[in-house]
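Student: For reference, the structure I am asking about is given below.
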Amino acid sequence: MTGFSSAKCDAMNSSHVVRRLTRAFAAALLAVACSAAADTRTYMSGGKVALVGIGSATVYGVGHFVKSADAAAVPRWSRPGGLERRLQYVLGGGFHAGKTNFLDSDAGSALTPAMGLITVGLADLTWPQGDREKTFLQDQFLIWSGLIATKGITDLSKGLFRRTRPVVALEPDLAPRGMSPRYRHQSFFSGHASSAFFSMAYTNIRIRSIMRSRLSAAEYRDWRWLPPTVFFSWAGYVGWSRIHAFKHYVSDVLAGSLVGWLLAELFHALGEEDAVSDSHTAPTPMVFQVSMTF
Numbered sequence: 175m176t177g178f179s180s181a182k183c184d185a186m187n188s189s190h191v192v193r194r195l196t197r198a199f200a201a202a203l204l205a206v207a208c209s210a211a212a213d214t215r216t217y218m219s220g221g222k223v224a225l226v227g228i229g230s231a232t233v234y235g236v237g238h239f240v241k242s243a244d245a246a247a248v249p250r251w252s253r254p255g256g257l258e259r260r261l262q263y264v265l266g267g268g269f270h271a272g273k274t275n276f277l278d279s280d281a282g283s284a285l286t287p288a289m290g291l292i293t294v295g296l297a298d299l300t301w302p303q304g305d306r307e308k309t310f311l312q313d314q315f316l317i318w319s320g321l322i323a324t325k326g327i328t329d330l331s332k333g334l335f336r337r338t339r340p341v342v343a344l345e346p347d348l349a350p351r352g353m354s355p356r357y358r359h360q361s362f363f364s365g366h367a368s369s370a371f372f373s374m375a376y377t378n379i380r381i382r383s384i385m386r387s388r389l390s391a392a393e394y395r396d397w398r399w400l401p402p403t404v405f406f407s408w409a410g411y412v413g414w415s416r417i418h419a420f421k422h423y424v425s426d427v428l429a430g431s432l433v434g435w436l437l438a439e440l441f442h443a444l445g446e447e448d449a450v451s452d453s454h455t456a457p458t459p460m461v462f463q464v465s466m467t468f
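Oh and the sequence shown: position 54 is 228 in the numbering used here, straight run, nothing missing.
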């Protein structure tokens, strides 16, 4: 009986070991499958690429037409409210002839989009999700298309509102003489802010997405604060620089920032839409997909 019991125990122990090994093997397969799923990424079809490109170009064309149509350069919104006037001097400081900063130019406006393009491009090539080349090209296309659409909507707003810039409305005697009549009334909303927040919001979304797929859960929790802190702090500084230079009011910067951020969410979703439509559930409406990616 003793020998029988010993043999039975050995068999039970062997069976227990086999079950544990089987579970471990199944867990390993599941982990590999999850890892592979994290590395895959859907890509836009040729038709969608054409539609997005044509749509962005159309928005840009309409905005440029409306902005340029004001031949007489007549303002429609010239004086700020009392609160906004006070905020202008609190945040922007005093004004003097020649006051400016290094972002107060077309080159300064292009700096942040260039930073976003380079950062996302390097991330796509260094930590690829799926096909390295396709991911890189799709992100570059979406950023460029989004910037074109952002420019179009910004120009449309400038042409419709024709708001007088702070330097002209508040300090007319110190306003630069080289400002064209049309440029004087293009305050709402800030193009620097809209392009900066579009670029930095899109970059934040992509970097966070790559981090989620490449880092462990603990590592992601430890570092998830870094991208939004860096990118949105810089975008906020760009917005403040426009108030400092007396080229835009606080409301101009806030409106431009909101438009840029929403467009970043929209254009990033365009690249991920196929992944949603492939599921058996109905796609979530865009308004419910928008979220502050912090």
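We put the CB at the ideal spot given by N, CA and C, even for glycine.
I want to know whether the region 356–365 touches the region 427–441 - three or more CB-CB distances under 8 Å.
Tutor: Taking a contact to require three or more Cβ pairs closer than 8 Å, the region 356–365 and the region 427–441 qualify as touching.
Student: How would you label I228, buried or exposed, when you count the other beta carbons within 10 angstroms and need 16 or more for buried?
Tutor: exposed
Student: Would you kindly work out how many angstroms separate the C-alpha atoms of V412 and T309, rounded to a whole number?
Tutor: Using only the alpha carbons, I get a separation of about 28 Å.
Student: Among residues of its own chain, excluding the 5 on either side of K241, which ones have a beta-carbon nearer than 6 Å to its beta-carbon?
Tutor: Excluding positions up to five away in sequence, the list reads D329, K332 and G333.
Student: Helix, strand or coil for W414 per DSSP?
Tutor: helix
Student: In or out: S373 buried (at least 16 other Cβ within 10 Å) or exposed?
Tutor: buried
Student: Look at M353 and R339 and say whether their C-beta atoms are less than 9 Å apart.
Tutor: yes
Student: Check whether the region 368–384 touches the region 434–443, taking contact to mean three or more Cβ pairs, one atom from each stretch, closer than 8 Å.
Tutor: yes
Student: Cα separation between L322 and D280?
Tutor: Note that residue 322 is Ile in the sequence shown here, rather than Leu. Cα to Cα, the separation comes out at about 15 Å.
Student: Using 10 angstroms around the beta-carbon of P402, count the other beta-carbons present and answer buried if the total reaches 16, otherwise exposed.
Tutor: buried
Student: What residues in its chain sit with their C-beta under 8 Å from that of L316, if we drop five residues either side in the sequence?
Tutor: V226, Y376, F441, H442, L444 and G445
Student: Under the DSSP definition of a beta bridge, which residues are partnered with W397?
Tutor: BP columns for W397 are empty, so no partner.
Student: Can you tell which of A367, W397 and Y394 has the C-alpha that lies nearest to the C-alpha of S407?
Tutor: A367
Student: For the candidate residues A409, A343, P355 and P346, whose alpha-carbon lies nearest to that of L432?
Tutor: Answer by Cα proximity: A409.
Student: Give me the Cα-Cα distance between Y394 and G235, rounded to the nearest whole angstrom.
Tutor: Approximately 41 Å between the Cα atoms of the pair.
Student: How many Å lie between M385 and T216 at the Cα?
Tutor: 18 Å
Student: Among T300, D244 and G272, which one has its Cα closest to the Cα of R380?
Tutor: T300
Student: Give me the Cα-Cα distance between W397 and T293, rounded to the nearest whole angstrom.
Tutor: 17 Å
Student: I'd like the list of long-range same chain contacts for S383, defined as Cβ closer than 8 Å, with 5 residues on each side in sequence excluded.
Tutor: Q303
Student: Helix, strand or coil for R380, going by three-state DSSP, please let me know.
Tutor: helix
Student: Do you know offhand how far V264's Cα is from A271's?
Tutor: Distance between the alpha carbons of V264 and A271 is about 18 Å.
Student: Can you name, in chain order, every residue of its own chain whose Cβ lies under 7 Å from the Cβ of T196, other than the five neighbours on each side?
Tutor: With a pLDDT of 49 at T196, under the threshold of 50, the predicted position of this residue should be treated as unreliable, and no value is reported.
Student: Answer yes or no: the CB of G235 versus the heavy atoms of the ligand FMN, is any distance below 8 Å?
Tutor: Judged by which ligands are present, the structure shown has none, so any question about the ligand FMN falls away.
Student: Quick check: what's the CA-CA separation for H238 versus S390?
Tutor: 46 Å
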